[in-house]
Amino acid sequence: QADKAKELRGKPGALKDGTLLPLLANVGKPEDADPALEYGAEGVGLFRSEFLFLGNEQAPGVKEQTEAYAKLLSRFPGKKVVIRMLDAGADKPLPFLTPEDEPNPALGLRGLRTLKEHMQVMTDQLEALAAADAQTDADLWVMMPMVADEHEAEYFVKLGKSMGLKKVGVMAEVPSIAFMADKVAKVADFVSIGTNDLTQYTLAADRTLGSVANYQTAWHPAVLRAIKMIADAGNANGMPVGVCGEAAADPDLAVVLAGIGVNSLSMTPVALDDVRAELAKFTMEEAKEKAAKALNGDFYNPTKWNFEESVEH
Ligand code: PEP
Ligand code: MG
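If you read the sequence shown in the working numbering, its first letter stands for residue 102, the second for the next number, and so on.
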């Protein structure tokens with residue numbers, strides 16, 4: 102089994118019938134390029150740029166950021182590397198950017214909403230990304246987290262392009278963007294679905310709260326239907342749609358996502374072997390059958406409420 106996994110590492114992610122499904126790595130800092138390459142990632146699908154900002158009193162300068170991005174990009178010549186803009190706020194608070202008095206931080210300033218309040222931080226990061234891109238040979242894609250609709254998507258895509266970036270896209274994490282996916286597909290170069298936040302917001306259950314942890318599963322058909330809306334819009338408009346949340350690292354769910362029509366999966370590097378092996382067991386036809394069942398809720402275990410206990414006699 103382990104030998105078979107290693108043998109598959111050199112091959113691209115694909116279904117049994119040869120349909121390609123690129124498998125990328127989620128990376129937290131430039132040094133994480135090592136495990137990504139070791140496990141055969143075909144590129145980086147999510148580089149969380151927060152590490153550069155965490156623990157600092159202020160945002161790092163353009164030069165420092167350029168060096169960090171160039172360090173990562175130089176490890177993936179000719180390969181796709183998706184770098185996410187700073188996602189400050191909610192579960193990733195930054196003292197110098199995030200207000201302390203929000204009653205519901207997950208519904209407050211985070212991602213794009215934070216950066217719009219701190220334009221210099223946003224433009225410094227874009228400038229550094231464009232500079233690093235010019236110094237290296239990777240295929241750089243840049244995306245913004247917490248984008249709510251096509252207006253915010255268009256705003257960021259225009260800003261990114263005006264600063265010299267070539268591929269600019271958005272994350273799908275707020276359910277509203279799924280409802281507007283047809284319009285988003287007309288303005289964004291790509292969409293990457295963050296299933297951790299998309300699940301949190303679809304089910305209105307704080308991802309950091311143990312008391313509502315039962316809701317935090319992308320197997321919920323409501324989450325899968327939101328993903329399908331985005332994948333359908335992407336496929337109808339020739340816009341790539343990837344998944345970079347935890348859902349992509351679940352081998353069974355990866356097959357379902359392939360069947361729903363997602364074009365790439367990005368995950369923690371150690372999950373790549375199992376996902377690659379599972380995908381190779383199904384044809385696209387079979388993956389679509391599985392997806393239809395999943396969208397119908399067949400694989401979802403609903404929370405069992407004990408009504409007897411909760412009724413007052
Ligand atoms: C997500 O929300 O699924 C995601 C990939 O981003 P993060 O977990 O960093 O919020
Ligand atoms: Mg997220």
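Beta carbons: idealized from backbone N, C-alpha and C, even for Gly.
Q: Quick one: residues in its chain with C-beta nearer than 8 Å to the C-beta of G346, no 5 flanking neighbours on either side, listed in chain order?
A: For the purposes of this step, residue 346 is taken as the residue at position 245 of the sequence shown. I294, G295, T296, N297, D298, L299, T300, A319.
Q) Taking 6 Å as the cut-off, does the CB of D298 come closer than this to any heavy atom belonging to ligand 2? A) Within the sequence shown, residue 298 is the residue found at index 197, counting from 1. Yes, ligand 2 has a heavy atom inside 6 Å of this Cβ.
Q.
At a cut-off of 6 Å, would you count E274 as near ligand 2, judging by its Cβ distance to the nearest heavy atom?
A. Numbered from its first residue, the sequence shown carries residue 274 at position 173. Result yes, Cβ under 6 Å from ligand 2.
Q.
By the DSSP assignment, the beta strand (DSSP E) with R326 in it spans what residues?
A. Reading the sequence shown from its first residue, position 225 is the one you call residue 326. Note, R326: premise wrong, no beta strand (DSSP E); alpha helix (DSSP H) at 322 to 338.
Q) With DSSP run on the structure shown, which of helix, strand or coil describes K164? A) As a first step, residue 164 must be located in the sequence shown, where it is residue number 63. If DSSP states are grouped into helix, strand and coil, K164 belongs with the helices.
Q) For the candidate residues A372, L366, V371, whose alpha-carbon lies nearest to that of L121? A) Working through the sequence shown from its first residue, we reach residue 121 at position 20. The shortest Cα separation from L121 among A372, L366, V371 belongs to L366.
Q. How many Å lie between E201 and R149 at the Cα?
A. Sequence index remark: in the sequence shown, residue 201 carries index 100 (1-based). Sequence index remark: in the sequence shown, residue 149 carries index 48 (1-based). Answer to the nearest angstrom: the Cα atoms are 23 Å apart.
Q) Looking only at C-alpha atoms, which of A229, A249, D234 sits nearest to V210? A) Here residue 210 refers to the residue found at position 109 of the sequence shown. It is worth fixing the name first, because residue 210 is Leu in this sequence and not Val. Closest by alpha carbon: A249.
Q | Own chain residues within Cβ distance below 7 Å of K382, not counting five before or after | A | Locating residue 382 in the sequence shown gives position 281, counting from the first residue. Around K382: K117.
Q | Cα-Cα separation, K180 to A142 | A | Here residue 180 refers to the residue found at position 79 of the sequence shown. Here residue 142 refers to the residue found at position 41 of the sequence shown. Rounded to whole angstroms, K180 to A142 spans 10 Å at the Cα level.
Q | Test item: CB-CB of F291 and P341 under 7 Å | A | One-based indexing of the sequence shown puts residue 291 at position 190. One-based indexing of the sequence shown puts residue 341 at position 240. In this structure, P341 lies closer than 7 Å to F291 by Cβ.
Q) What residues are listed by DSSP as bridge partners for L241? A) Residue numbering aside, residue 241 sits at position 140 when the sequence shown is read from its first letter. In the DSSP output, where bridge partners are listed per residue, L241 has V182.
(Q) Under 8 Å, with one C-beta from each stretch per pair, do the region 317 to 331 and the region 265 to 279 reach the 3-pair mark? (A) yes
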